[in-house]
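There are 2 protein chains.
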Amino acid sequence: MSKTLCAIGFDADDTLWHNERFFKLTQERFTELITPHTDHKNIDNLLLKAEQRNIGHYGFGIKGFVLSMIETALDVTDKRVPGEVIASLIKAGQDMLRHPIDLLPYAEDAVRAAKKLAPVVLITKGDLLDQERKLAQSGLGELFDTIEIVSDKKSHVYSRIYGPFGGVQNGMMIGNSMKSDVIPMIDAGGFGVYVPHEMVWNLEIARTPLGHPRYHELVDLSALSEFLEKEF
Amino acid sequence: MSKTLCAIGFDADDTLWHNERFFKLTQERFTELITPHTDHKNIDNLLLKAEQRNIGHYGFGIKGFVLSMIETALDVTDKRVPGEVIASLIKAGQDMLRHPIDLLPYAEDAVRAAKKLAPVVLITKGDLLDQERKLAQSGLGELFDTIEIVSDKKSHVYSRIYGPFGGVQNGMMIGNSMKSDVIPMIDAGGFGVYVPHEMVWNLEIARTPLGHPRYHELVDLSALSEFLEKEF
Numbered sequence: 064m065s066k067t068l069c070a071i072g073f074d075a076d077d078t079l080w081h082n083e084r085f086f087k088l089t090q091e092r093f094t095e096l097i098t099p100h101t102d103h104k105n106i107d108n109l110l111l112k113a114e115q116r117n118i119g120h121y122g123f124g125i126k127g128f129v130l131s132m133i134e135t136a137l138d139v140t141d142k143r144v145p146g147e148v149i150a151s152l153i154k155a156g157q158d159m160l161r162h163p164i165d166l167l168p169y170a171e172d173a174v175r176a177a178k179k180l181a182p183v184v185l186i187t188k189g190d191l192l193d194q195e196r197k198l199a200q201s202g203l204g205e206l207f208d209t210i211e212i213v214s215d216k217k218s219h220v221y222s223r224i225y226g227p228f229g230g231v232q233n234g235m236m237i238g239n240s241m242k243s244d245v246i247p248m249i250d251a252g253g254f255g256v257y258v259p260h261e262m263v264w265n266l267e268i269a270r271t272p273l274g275h276p277r278y279h280e281l282v283d284l285s286a287l288s289e290f291l292e293k294e295f
Numbered sequence: 064m065s066k067t068l069c070a071i072g073f074d075a076d077d078t079l080w081h082n083e084r085f086f087k088l089t090q091e092r093f094t095e096l097i098t099p100h101t102d103h104k105n106i107d108n109l110l111l112k113a114e115q116r117n118i119g120h121y122g123f124g125i126k127g128f129v130l131s132m133i134e135t136a137l138d139v140t141d142k143r144v145p146g147e148v149i150a151s152l153i154k155a156g157q158d159m160l161r162h163p164i165d166l167l168p169y170a171e172d173a174v175r176a177a178k179k180l181a182p183v184v185l186i187t188k189g190d191l192l193d194q195e196r197k198l199a200q201s202g203l204g205e206l207f208d209t210i211e212i213v214s215d216k217k218s219h220v221y222s223r224i225y226g227p228f229g230g231v232q233n234g235m236m237i238g239n240s241m242k243s244d245v246i247p248m249i250d251a252g253g254f255g256v257y258v259p260h261e262m263v264w265n266l267e268i269a270r271t272p273l274g275h276p277r278y279h280e281l282v283d284l285s286a287l288s289e290f291l292e293k294e295f
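Residue numbers (the numbering used here), protein chains in the order written: chain A, 64 to 295; chain B, 64 to 295.
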């Protein structure tokens, strides 16, 4: 109990509730649907390349993912993919946008434990409406002092969000993405806490800042309460 | 100069810069592309129905529009639409996401005139990243005290946004959509100022609240400065 935190941020997807597994399931279905119509191998890899190519104008989220799937389906079949397949991809996207919210274990307890110490902020990226729906369904919305749905998580975004609470150097960000939740928060001067999730999207992989004094790693959210008590 | 305003909000698309004309152009291209492959008439109307059906999960913006175009293309051709057409629709969406920003006449002057009286807030809906890009390109970003990109413009959204400035009943919202900018603001207790644009999307049409004491209509943004001086 030596340092003071002005605000504690939580990522949402795959930190508080499952998300990546819906993308993975849809991607498996995509590969199944496309394979009979192409000789291309590594369809997953071609889809990832399309996502990388498109992220600059589509941003993060399900709608951009569906558009990248359709684009890849056209590319690998020389535009001969049957209309039924495209219709299935659109339906798969709409199913994703309706998928139920399964909270991760200890999610609510962790937010309540953090809230005892400082205001809590939800910081998430993706489609605006989809993130709002998930938050509403999660039942956790009321716990948060502020909700920030952002187009990307960069250091300057964290500086802007934590500024009004007392400055990012007294802020903490907790999440499952090293690249989005941890590194840019540490770069901004705050504390980055990594809580691994079994699935990581390839675009979210980054090097662990091992040994950095403001980097912490927890096995899961059940360890947050004790960690906060001990360190802050 | 009898009433005091705590904050003045501006809509962005078709209030400060052109937007609907890019949708209209793409929709014309859509009709051109689809017509040779279907006997359906009123393709525009079928697209509008798809947009209405999908707005609950796609929200507002270009990505949802493209997905609704593809869905309609499949529907009206019994899924026999050629892959080339789908590819053209995806490309048309990407072109829209890159379209240049053309400020409407008097846009900058109007924001500066409002800023003399009260903090100015930009309140817009659509795809998060796309709206951020347009704002950055517009060169108006620095003028605004707050930027709010929201999933939909409802009365409770206006109440939340104007609350910290001193309450929505002392706030004003200026925009080209009767349905999104004017009516819900008046319903929330604030002033709604309608500045018509030559093009209105069918989903944005609503009845004019003629005679309401908090409703005002301007011919264009050049009339804002004088109106504010006279009334506030």
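Note that the Cβ used here is the ideal one computed from N, Cα and C, for glycine as well.
Neighbour-count burial assignment, residue i, 16 or more Cβ in a 10 Å radius
i, result
"H275/A", "exposed"
"D74/A", "buried"
"L191/A", "buried"
"V144/A", "buried"
"P247/B", "buried"
"H219/A", "exposed"
"T135/B", "buried"
"V44/A", "Any question about residue 44/A goes unanswered here, given that chain A covers just 64 to 295."
"K197/B", "buried"
"K87/A", "exposed"
"I149/A", "buried"
"D141/B", "exposed"
"D102/B", "exposed"
"G119/B", "exposed"
For residue i, three-class secondary structure by DSSP
i, result
"L185/A", "strand"
"H260/A", "coil"
"Y278/B", "strand"
"G297/B", "No statement about residue 297/B is possible, as the shown extent of chain B runs from 64 to 295 and does not include it."
"I268/B", "coil"
"V213/A", "strand"
"L198/B", "helix"
"G253/B", "coil"
"L166/B", "strand"
"G156/A", "helix"
"L287/B", "helix"
"F228/B", "helix"
"D172/A", "helix"
"D193/B", "helix"
"K66/B", "coil"
"P247/A", "helix"
"V144/A", "coil"
"R47/B", "Nothing in the structure corresponds to residue 47/B, since chain B is present only between 64 and 295."
Residue i versus residue j - alpha carbon distance
i, j, result
"A129/A", "K154/A", "It should be pointed out that residue 129/A corresponds to Val in this sequence rather than to Ala. Using only the alpha carbons, I get a separation of about 9 angstroms."
"K20/B", "N105/A", "Missing from the structure shown is residue 20/B; chain B here goes from 64 to 295 and no further."
"M64/A", "S201/A", "In this prediction, M64/A scores a pLDDT of 44, lower than 50, which makes its location untrustworthy; the coordinate-derived value is nonetheless stated afterwards. Cα-Cα distance, rounded: 31 angstroms."
"L185/B", "F207/B", "6 angstroms"
"D172/B", "S285/B", "8 angstroms"
"I164/B", "M236/B", "22 angstroms"
"E95/B", "Y225/B", "44 angstroms"
"N239/B", "D250/A", "41 angstroms"
"I125/B", "A199/B", "18 angstroms"
"T89/B", "G156/B", "8 angstroms"
"E289/B", "H279/B", "13 angstroms"
"F85/A", "N233/B", "45 angstroms"
"D77/A", "E195/A", "15 angstroms"
"P272/B", "G253/B", "13 angstroms"
"G230/A", "R270/B", "46 angstroms"
"Y221/A", "L68/A", "14 angstroms"
"L79/A", "A176/A", "14 angstroms"
"D158/B", "D107/B", "20 angstroms"
"E91/B", "L291/A", "58 angstroms"
"E211/A", "P99/A", "42 angstroms"
Residue i Cβ short of 7 angstroms to the ligand ZN heavy atom set
i, result
"T67/B", "The model depicted lacks the ligand ZN and carries no ligand whatsoever."
field: Contained alpha helix (DSSP H) runs [length at least 4] in the stretch 69–137 of chain B, N- to C-terminal order
entry: 83–97, 106–121
query: Got a sec: which bits of the stretch 202–214 of chain A sit with their beta carbon under 8 angstroms from any beta carbon on chain B, in order along the chain?
result: I212, V213, S214
- prompt: What residues in the stretch 97–110 of chain A bring their beta carbon closer than 7 angstroms to a beta carbon of chain B?
  reply: none
- prompt: For the stretch 109–130 of chain A, which residues have a CB atom closer than 7 angstroms to at least one CB atom of chain B, in sequence order?
  reply: H120, Y121, G122, K126, G127, V129, L130
- request: Compile a chain-ordered list of the residues in the stretch 147–168 of chain A whose CB is closer than 8 angstroms to at least one CB of chain D.
  value: You won't find chain D in this structure, because its protein chains are A and B.
Interfacial residues, the stretch 239–254 of chain A to chain B, with Cβ spacing under 7 angstroms: none
message: So if I threshold CB-CB distances at 8 angstroms, which residues from the stretch 82–96 of chain A count as touching chain B?
response: none
- prompt: Name the residues in the stretch 131–146 of chain A whose C-beta lies less than 9 angstroms from a C-beta of chain B; which are they?
  reply: I133, E134, A136, L137, D138, T140, D141, K142, R143, V144, P145, G146
field: Contacting positions in the stretch 165–192 of chain A - beta carbon closer than 9 angstroms to chain B
entry: K188, G189, D190, L191, L192
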